Amino acid sequence: MDHLPIFLQLRDVPAVVVGGGRIAQRKIELLLRVGARITVVAPELSEALARRAAAGEIAHRNAHFGPSHLEGAQLVIAATNLKALNAAVSAAARLRAVPVNVVDDPELSTFYFPAIVDRSPLTVAIGSHAQAPVLTRWVREQIEALLPGTLGTLARFIGERRKAVQQALAPRARRAFWERIVRGPAGSCTLSGDTPGAERAYERELCTARLTASPATGSGSLGEVYLIGAGPGDADLLTLRALQLLQQADVVLHDRLVPAAVLERARRDAERVFVGKGAAHGVRGAHTQQEQIHELMVRYARAGLRVARLKGGDPFVFGRGGEEVEYLARHGIPYLVIPGITAALGAAAATGIPLTHRQLAQSVTLVTGHPLEDEALDWSALARRRQTVVFYMGVAHLDRICARLRAAGADPDLPAALIERATLPGQRLVRGTLASIAALAHQAAIAPPALLVVGEVAALAHCCAECDTAGTLAPPMRRAMRAREARYEHD
Ligand code: SAH
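Under this note's numbering, the first residue of the sequence shown carries the number 2, and numbering increases by one thereafter.
Pasting the structure below:
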């Protein structure tokens, strides 16, 4: 390391910026954010800077630079596009032993600006000593994605309570206490904007810490459960919050629909537990699989662990998320629900099916294709025109679904599309009509997970050549599609 990253307190500190163009403007905006007292030396100012000068936010010396302009300056920035002038500013600043940055010229600078991830009061600064700016930017993007936008709120939450905790707890107990706040329910509630929940969790932790002579991390404290939607499969479709909580979780309970690429985004040392069909969890008794999952979540959380319950798509769309949160609430386990991109949305985007469309579909219905629910469905409503119906869990029952829709009055020529493994490698698309789709799916040996989309919009489905199963589009259908697409273009 040959540069020391430090954080400077610049409130009301006099700083001189030489140059009045766009580059100077960017630096000035940064300095204004930290409250520096700025004088700009330039014969001309950009419009935005002129406005700031007129508003009294910065002082303007309408002049060509001379060393005397640095009188009293504690920080200097040269931001002109004249190399000789920048060199003169740098020399004058060095002579006065004032730190100087020449924009984009490390040779002439005694300090440089890092890339910043701002979660004030928490700030991350990244630099590569001008060796690899692209890499620096990439690292910044990674950290941006990883750190919750509300991290600053958590930093303030802690800052506001530091004194109280200092008084309440012995020094050796404080660190473990704050770790539980940051990593536990108080932290996650603060990050998700649940201030009363954060306050309650904080009070509970403080109470426990007071009662426990030497609290060790985890002992006696309650963990929590994150019910996370893992999206349709492509790991890049995870939400930022899902990623952040996956990085925190000690245990990950996942089912069949969660692919390895998503699990890889969890913390390296997190325990991964498969709870999908066929998994045995070592819980004795005649439990259903769902009950076993409930008990596992509670057991881990009571052991003080942070549990990620990772579910395909969205937890509240055919994910039994409702039952899980009910159970957790009943057992007093704190939980958070993190939405995921449900399969219908992933499949629609991956195959170009607009689920609603001004001319073709004014509503969209997500419906289970599982036969157990058959009688609960209003088939005549599902058979109506000008809507899109997406069937989940319907692959094995395509014949029945199509027959029921037709019996309820749906047009046999109504377009239908099947999307297998949407957003995943090996995604496949089969297009047809209510009359043909079941046979076409059978021919192509379509297997779960797959979705059936019924409605005019299904005809707009398209895919790359590899995933489009050959011969699924009959010629009249193709003509109809072209006509629809033409209309769509003129929309
Ligand atoms: N909670 C999930 C749905 C679980 S039900 C969600 O919101 O997406 C399981 C059904 O979802 C599967 O039978 C299938 O119909 C659908 N599904 C899930 N992932 C899919 C994918 N990648 N491609 C196509 N269908 C998918």
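Where a beta carbon is used, it is the ideal one built from N, C-alpha and C, also for glycine.
As the structure is a prediction and not an experimental result, all values here were calculated from the model.
Can you check which of these residues, L247, V274 and A404, is closest to A236 by C-alpha distance?
L247
* Beta bridge counterpart(s) of H358 as assigned by DSSP -> A362
* **Under 8 Å between C-beta atoms of G232 and L241** => no
Check whether the segment 414 to 433 and the segment 364 to 380 touch, using three or more Cβ-Cβ pairs below 8 Å as the test.
Fewer than three beta-carbon pairs drawn from the segment 414 to 433 and the segment 364 to 380 are found closer than 8 Å, and the two stretches are therefore not classed as touching.
For A112, name the three-state secondary structure that DSSP assigns. A small fix is needed here, since residue 112 is Phe in this sequence, not Ala. Correct three-state label for F112: coil.
Based on Cα-Cα distance, which residue from G410, G160, F158 and L435 lies nearest to D400?
L435
Using three-state DSSP, classify P144 as helix, strand or coil.
For the sequence presented, residue 144 should be read as Ile rather than Pro. The answer is helix: DSSP assigns I144 an H, G or I state.
ask   = Does DSSP classify N102 as helix, strand or coil?
value = strand
Which parts of the segment 286 to 351 are runs of the beta strand (DSSP E), unbroken and 3 residues or longer, counting only runs that do not cross its ends?
-> 307 to 312 and 336 to 339
Close beta carbons around A397, own chain, < 8 Å, minus the five adjacent residues each side: P449
request  = Pull up the CB-CB distance for Q245 and L147, whole angstroms please, since I reckon it's below 8 Å.
outcome  = 6 Å
Using CA atoms only, rank isn't needed, just tell me which of L461, I402 and D414 is closest to L453. I402
Under 7 Å from any heavy atom of the ligand SAH, does the C-beta of K312 make it? Under cutoff, so the answer is yes.
Start and end residues, beta strand (DSSP E) containing P416: P416 to E421
Exercise. What is the rounded straight-line gap between the Cα of T366 and the Cα of V391?
Worked result: Rounded to whole angstroms, T366 to V391 spans 6 Å at the Cα level.
key: Neighbourhood of V41 by C-beta distance below 6 Å, restricted to the same chain and skipping five residues each side   = Correct list, in chain order: V18, G21, I59 and H61.
**Message:** Following a CB-centred definition, is L461 positioned closer than 7 Å to any heavy atom of the ligand SAH?
**Reply:** no
Taking the straight line between their C-alpha atoms, what separation do you get for V90 and V35? Each residue's alpha carbon lies about 23 Å from the other.
Fill in: Cα-Cα separation, T154 to L192
7 Å
Could you name each continuous alpha helix (DSSP H) segment of 4 residues or more that falls completely within the segment 233 to 276, going from the start of the chain to the end? 241 to 249 and 261 to 264
Point to revise | Proximal residues to H65 (C-beta, below 7 Å), its chain only, five neighbours per side dropped | key: Closer than 7 Å at Cβ, skipping near neighbours: P44.
### Message
Going by C-alpha to C-alpha distance, which of I420, Y328 and V253 sits closest to R266?
### Response
Shortest Cα-Cα distance from R266 to any of I420, Y328 and V253 involves V253.
Start and end residues, alpha helix (DSSP H) containing T389
Counting along the chain, T389 sits inside no alpha helix (DSSP H); it lies in the beta strand (DSSP E) bounded by residues T389 to Y393.
Under 8 Å between the Cβ atoms of K28 and A74? no
Tell me the residue span of the alpha helix (DSSP H) that contains G153. L152 to A169
Assign E58 to one of three DSSP states: helix, strand, or coil. coil
Q: Assign P260 to one of two classes, buried (16 or more other C-beta atoms within 10 Å of its C-beta) or exposed (fewer than that).
A: buried
Query raised in the report: Counting Cβ pairs, one atom from each stretch, are 3 or more of them under 8 Å apart for the segment 135 to 145 and the segment 169 to 180?
Result: no
Fill in: For L96, the residue or residues it bridges with in DSSP
Answer by DSSP bridge pairing: none, since L96 is not bridged.
- Over what stretch of residues does the alpha helix (DSSP H) that includes R205 continue unbroken? T196 to L212
Q. Under the three-state reduction of DSSP, which class applies to G353: helix, strand or coil?
A. The three-state secondary structure of G353, taken from DSSP, is coil.
*What are the boundary residues of the alpha helix (DSSP H) that R23 is part of?*
R23 to R34
Looking at the ligand SAH, does it come within less than 7 Å of I339, judged from the CB to the closest heavy atom? no
Heavy atom of the ligand SAH within 7 Å of M394 beta-carbon = yes
Is T424 near the ligand SAH, going by C-beta to nearest heavy atom under 7 Å?
yes
Worksheet item: Which stretch, first to last residue, makes up the beta strand (DSSP E) that contains I127?
Response: L123 to I127
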